[in-house]
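Be aware that the sequence shown starts at 22, since it is given in my numbering, and climbs by one per residue.
Here the structure comes first, spelled out in structure tokens, and everything after it is commentary.
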Amino acid sequence: MSEKQKNKKTDKTVSREDSLKEITALCKRRGFVYPGSEIYGGLSNTFDYGPYGVELLRNLKNEWWKTFVHNRADVVGLDSSIMLHPSVWIASGHVGSFNDPLIDCKNCKSRFRADHLIEETLKIETANLELNDFQNLFKEKSEEIICPSCGKSGNFTEVRQFNLMFQTQMGSLSDSDVTVYLRPETAQGIFINVKNIADTCRVKIPFGVAQIGKSFRNEIIARQFIFRTREFEQMEMEFFCEPGTQKEWFEHWVKFCMDWLLSIGIRKDSLRLRNHDEKELSFYSENTADIEYQFPFGWGELWGIASRTDYDLKQHAEHSRKNLEYNDQEKNQKYIPYVVEPALGLNRLMLAVLSDAYFVENPATKEQRTVLKLHPKLAPVKAGIFPLQKKDGLSEIAMEIYNDLSKSFPVDYDASGSIGKRYYRQDELGTPFCITVDYDTKENGSVTVRNRDTTEQVRIPKEELKQFLIKNMEDA
């Protein structure tokens, strides 16, 4: 992003709206995100991505894939199955330990994560607590623990473990069904394929395997719009390196990920890096850092970068009884590679991008304007094309421009309502430019191009529109 565009996003005349409710309303109003199964009363915390939401998600995936795979000689791609052999999840530890402590309020029947409730009410760190620790705490301090829903205390069920994986049956006969799980992460599909990739694609350590795909977690509390959902899409990479080099690669990927977020237009002051302390680290991790974003509801994890050591490959080698050692021919040695994992939730990234781009200009005045100041390469629509009037041949000229530009860009044709209303519709979609065909177009072939961020207008020949859009998107 250019300095000029950064200044536009931080201009004091533009105030940022910090309300998640307003962002959610815009997403519904403009076809980014719809509540799931809405005509049947909805299904808790499920969402459908509308015509413009789909385009934004696709642009985010394309930008990530281009930077992390296409632009690097040391990373390749994979698309593994959502359903894996059940032994995969035994080896990874998910069957035995992928649990959250669950508790219910007997008064209002609300359900909570016990660790969150204790941390919020008693201000006690819960990272290393076992199930019996939670049970004892609720027995000893029940009168101090308040239900956030009904405000009453001391009337909770016993704490029990809740496995986060969705379970289903595979097979046609009940007595021959095999229990399988919808994957809770995409990483394990990479680990069980790394030997195939090393054998068939001539990759050499160090190398990464990237994957974009759906994951499923039966969260006890799914909340905050699309920040935490039970069905979500991940953009993950496992980077395999020689033991002893993992610290260097960990630092490389932390910086690389932060730089990429800045390159797609997220403001630097909306991001921070938080290193996990020893108590927080997962059992397989020797170092973890979260890139956090300041969402409307506060700081939240956006991107996790973990140094997973050789834990996963050793587990799969043991349970599958297959040799997963890497044969380093240049050094004439064999070893289990260490792994650094940058893992990013696509839906959470979309919420961060929308939150960062959401502005209300001139609030509480007649000139109030809501605008998504998306980076042009992320915008679902690159240009809106309007005939000033439907008559006098203007709509035919506008449609010719639409047909020409749509071969190179996603563009919208809109002939409904006043020009001002059409501008505002495109502003809420984050469309960088609006092109108006008027009576001067018939006379000299020029059109008016309006800039979303500045609202400034210029006239250019319609034959130069394609190059104008290309240049301005490259310079952004």
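Quick reminder that beta carbons are idealized off the backbone N, C-alpha and C, glycines included.
Fair warning: this is a prediction, and the values are worked out from it, not measured in the lab.
Cα separation between residue i and residue j?
i	j	result
F499	K403	Absent from the structure is residue 499, since the part of the chain shown begins at 22 and ends at 497.
S291	L152	36 Å
Q245	P56	13 Å
V361	F271	6 Å
M191	F228	34 Å
K300	T88	33 Å
Q209	V199	19 Å
V201	V109	10 Å
R471	E477	6 Å
V224	E351	13 Å
K335	K428	50 Å
E339	F68	39 Å
T475	K355	59 Å
N83	A46	26 Å
I211	D95	15 Å
H137	P453	42 Å
G71	S58	13 Å
F261	I226	6 Å
L399	N348	41 Å
L105	N344	19 Å
F316	K492	32 Å
A373	N353	46 Å
K442	R288	29 Å
Leaving out five residues on either side along the sequence, give the residues of the same chain with a beta carbon under 6 Å from the beta carbon of residue i.
i	result
P408	L415, S416, A419, A436, V458
C48	V54
A135	P122, I124, F155, V180
I233	K82, M256
D499	Residue 499 is absent from the model: the chain starts at 22 and stops at 497.
What does a CB cutoff of less than 8 Å around residue i pick up in its chain, not counting 5 residues either side in sequence?
i	result
K162	L143
K268	N308, S328
I481	S467, V468, V470, F489
T330	Q267, Y305, S306, E307, Y359, V360
Y73	R51, G52, F53, P401, V402, L450
V97	V90, I218, C222, V224, F228, G229, V230, A231
Q389	V381, E382, N383
Would residue i be called buried (16 or more neighbouring beta carbons within 10 Å of its own) or exposed?
i	result
F304	exposed
S102	exposed
V215	buried
D220	exposed
K394	buried
M256	buried
P264	exposed
E366	Glu is not the amino acid found at residue 366; the sequence shown has Gly there. By the 10 Å Cβ count, G366 comes out buried.
Y207	Note that residue 207 corresponds to Thr in the displayed sequence, not to Tyr. Burial call: buried.
K483	buried
R342	exposed
N149	exposed
L64	exposed
If I measure Cβ to Cβ from residue i and keep anything under 7 Å in the same chain, skipping five residues before and after, which residues do I get?
i	result
N128	C168, C171, K173, N176
M371	L77, L78, L81, I247
N157	none
Q188	T200, Y202
P363	M258, W274, C278, W324, I326
E164	S174, G175
V35	Any reading at V35 must be qualified, since the residue scores a pLDDT of 40, below 50, and its modelled position is unreliable; the value itself is stated next. Counting only Cβ-Cβ distances below 7 Å, and skipping sequence neighbours, we find F380, E382.
P205	H115, F119, L185, M186, S236, F237, R238
E346	K355, Y356, I357
I need the boundaries of the beta strand (DSSP E) containing residue i, first residue and last residue.
i	result
V455	Val is not the amino acid found at residue 455; the sequence shown has Cys there. Start and end: 454-458.
E259	252-262
I233	228-237
P122	120-125
F407	404-408
Where do the N-terminal and C-terminal ends of the alpha helix (DSSP H) with residue i fall, by residue?
i	result
P72	72-86
A135	135-143
I422	415-426
S284	267-284
L212	According to the sequence shown, residue 212 is Phe rather than Leu. That run of the alpha helix (DSSP H) goes 208-212.
Y55	That residue, Y55, is in no alpha helix (DSSP H); its beta strand (DSSP E) goes 54-56.
Just grab the DSSP bridge partners of residue i for me.
i	result
S174	I167
S131	DSSP output for S131 lists no bridge partner at all.
E313	R293, E322
A327	T309, E362
T189	V201
L393	Y379
N344	Answer is none; N344 lacks a bridge partner.
T469	T457, R480
K355	N348
Q182	P122
M371	Looking at the DSSP assignment, M371 forms no beta bridge with any residue, so it has no partner.
F68	P56
Could you tell me whether any Cβ in chain D is nearer than 8 Å to the Cβ of residue i?
i	result
D433	Absent here is chain D; the protein component of the structure consists of one chain.
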